[in-house]
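The next block holds one structure in the form of structure tokens; read it before the comments.
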Amino acid sequence: MSQQQSGAQPEPIVPLPPVGNEEPAGTEPTPYERMGGAETFRAIVHRFYQKVQETPELHAMYPEEDLGPAEERLRMFLEQYWGGPTTYSEQRGHPRLRMRHVPYKVTPAQRDNWLECMHDAVGSVEMDKAARDELWTYLVRAADSMINAFEGEDTTPGHGGNLL
């Protein structure tokens, strides 16, 4: 007996998701994918925090002795920003970068220290030049926007929260 004869409705046809790295026609890879995905962001952020540990002026801004939690937060943030998993927002809510950095006195010199560490980290991974340039442009712009103090002001770290 056919479905029509039995009165049962035919099941709707649901397209199957792509298998592996195949993408539906016309779908562009996300910047996250073009930059190398989780492996790349994990490597960049890990190298960055290795450099932070070697930079006393920057390390002093982190209230946690163990930088592992900060490393995880930055990795999740960058992955989400570039089109990867949304784990950051699921765990921490909206990024609100400027608000999260207000407790810390971020000077142009500290921005430069941060960018030096990040430049080393980004340079430590294989990445297409266009993707690297896109990532670096964002990082410089983001670092510039975090400046909230200038030389000559009291720049004692506030330790008022967790970065990112």
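For my numbering, add 1177 to where a residue sits in the sequence shown, where the first one is 1.
All C-beta atoms, glycine included, are put in the ideal place defined by N, C-alpha and C.
A quick note: this is a predicted structure, and the numbers were derived from the prediction, not measured.
Exercise for review: Keeping to the same chain, check which residues put their C-beta closer than 7 angstroms to that of residue 1299; ignore five residues upstream and five downstream.
Suggested key: Around residue 1299: 1221, 1309, 1312 and 1313.
Review point. Just curious, the alpha helix (DSSP H) that residue 1245 is in, first and last residue?
Key: Counting along the chain, residue 1245 sits inside the alpha helix (DSSP H) bounded by residues 1245-1258.
Point to revise | Range covered by the alpha helix (DSSP H) that runs through residue 1306 | key: Here the alpha helix (DSSP H) through residue 1306 covers 1306-1323.
Review point. According to the neighbour-count rule (16 or more other Cβ atoms, all chains shown, within 10 Å of its Cβ), is residue 1261 buried or exposed?
Key: Burial of residue 1261 is indicated by the presence of at least 16 other C-beta atoms within 10 angstroms of its C-beta.
Exercise for review: Assign residue 1329 to one of three DSSP states: helix, strand, or coil.
Suggested key: If DSSP states are grouped into helix, strand and coil, residue 1329 belongs with coil.
Review point. Where residue 1253 and residue 1205 are concerned, what is the direct C-alpha to C-alpha distance, given to the nearest angstrom?
Key: Cα to Cα, residue 1253 sits roughly 22 angstroms from residue 1205.
Review point. Using a Cβ-Cβ cut-off of 7 angstroms (strictly less than) and excluding sequence neighbours within five positions of residue 1241, which residues of its own chain qualify?
Key: If we look at residue 1241 and ignore the five residues flanking it on each side, its Cβ neighbours are 1247.
Exercise for review: Just mark residue 1271 as buried or exposed, buried being the case when its beta carbon has 16 or more other beta carbons within 10 Å.
Suggested key: Burial call: exposed.
Point to revise | Per-residue burial, residue 1256 [other beta carbons within 10 Å of its own, 16 or more giving buried] | key: The Cβ neighbour count for residue 1256, taken over all protein chains shown within 10 Å, is at least 16; the residue is labelled buried.
Exercise for review: Kindly indicate which three-state DSSP category residue 1209 falls into: helix, strand or coil?
Suggested key: DSSP places residue 1209 within a helical segment (H, G or I) once states are collapsed to three.
Review point. Assuming residue 1321 and residue 1228 make a contact with CB atoms under 8 angstroms, what is their CB distance in whole Å?
Key: The Cβ separation is near 19 angstroms, so there is no contact.
Review point. Alpha helix (DSSP H) containing residue 1293: first to last residue?
Key: Annotation: the continuous alpha helix (DSSP H) that includes residue 1293 extends over 1285-1300.
**Study point:** Nonlocal neighbours in the same chain, by C-beta distance under 8 angstroms from residue 1264, ignoring five residues either side
**Key:** Hits under 8 angstroms: 1253, 1256 and 1257.
Check your understanding: With 16 other CB atoms within 10 Å as the buried threshold, where does residue 1273 fall?
Key -> Per the 10 Å Cβ criterion, exposed.
Check your understanding: the ligand NAD heavy atoms versus the CB of residue 1296: any closer than 7 angstroms?
Key -> You won't find the ligand NAD in this model; it holds no ligand whatsoever.
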